[in-house]
Amino acid sequence: PAGPAGTGKTETTKDLGRGLAIWVIVQNCSDQMTNKVMANFFSGLAQTGAWGCFDEFNRISVEVLSVVAGQYLSILDGIRSKKSVFTFEEDEINLVPTVGAFITMNPGYAGRTEL
Numbered sequence: 008p009a010g011p012a013g014t015g016k017t018e019t020t021k022d023l024g025r026g027l028a029i030w031v032i033v034q035n036c037s038d039q040m041t042n043k044v045m046a047n048f049f050s051g052l053a054q055t056g057a058w059g060c061f062d063e064f065n066r067i068s069v070e071v072l073s074v075v076a077g078q079y080l081s082i083l084d085g086i087r088s089k090k091s092v093f094t095f096e097e098d099e100i101n102l103v104p105t106v107g108a109f110i111t112m113n114p115g116y117a118g119r120t121e122l
């Protein structure tokens with residue numbers, strides 16, 4: 008979801024997860040996040056089946072976002088192939104298919120990438 012700060016984007020994602028009995032982990036994003044940080048986060052989500060809610064996702068630099076897209080695509084490919092173990096960032100890890108990633112954005116603020 009995208010919209011002004013304080014309109015319930017993150018809370019809506021958390022409520023949906025709670026309603027489906029899925030653990031939702033919220034990560035506040037910044038321009039300091041690297042593809043390695045995101046890979047660690049995605050690895051944990053994939054192995055537990057939890058959802059990640061990446062708050063203010065558009066604060067991450069464009070260069071990192073490019074790599075992140077490929078990382079998440081590999082998780083989605085694993086789910087589509089109905090794999091229980093898949094290769095992620097050169098490691099074989101378990102895959103729980105309930106894994107999900109949601110993003111929130113506050114467009115128009117200084118320091119935000121236009122997506």
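Residue numbers (the working numbering): 8 to 122. All residues carry an ideal CB built from backbone N, CA and C; glycine is no exception.
_CB contact flag (F93, L102, <7 Å)_ = Taking the first residue of the sequence shown as 1, we reach residue 93 at position 86. Taking the first residue of the sequence shown as 1, we reach residue 102 at position 95. Their beta carbons are under 7 Å apart, which means F93 touches L102 by this criterion.
*Which residues mark the beginning and the end of the alpha helix (DSSP H) in which A12 is found?*
On the sequence shown, residue 12 is found 5 positions in, with the first residue counted as 1. Run containing A12: none; DSSP gives neither H nor E here.
*asked:* As a quick exercise: from R66, L83, G56, T17, pick the residue whose alpha carbon is nearest that of T41.
replied: Taking the first residue of the sequence shown as position 1, residue 41 is located at position 34. It is R66 whose Cα lies nearest to the Cα of T41.
_Tell me the residue span of the alpha helix (DSSP H) that contains E70._
One-based indexing of the sequence shown puts residue 70 at position 63. E70 -> alpha helix (DSSP H) spans 69-87.
_Identity of the residue in T20, K21, I82, T17 nearest F48 by Cα_ = Sequence index remark: in the sequence shown, residue 48 carries index 41 (1-based). Closest by alpha carbon: I82.
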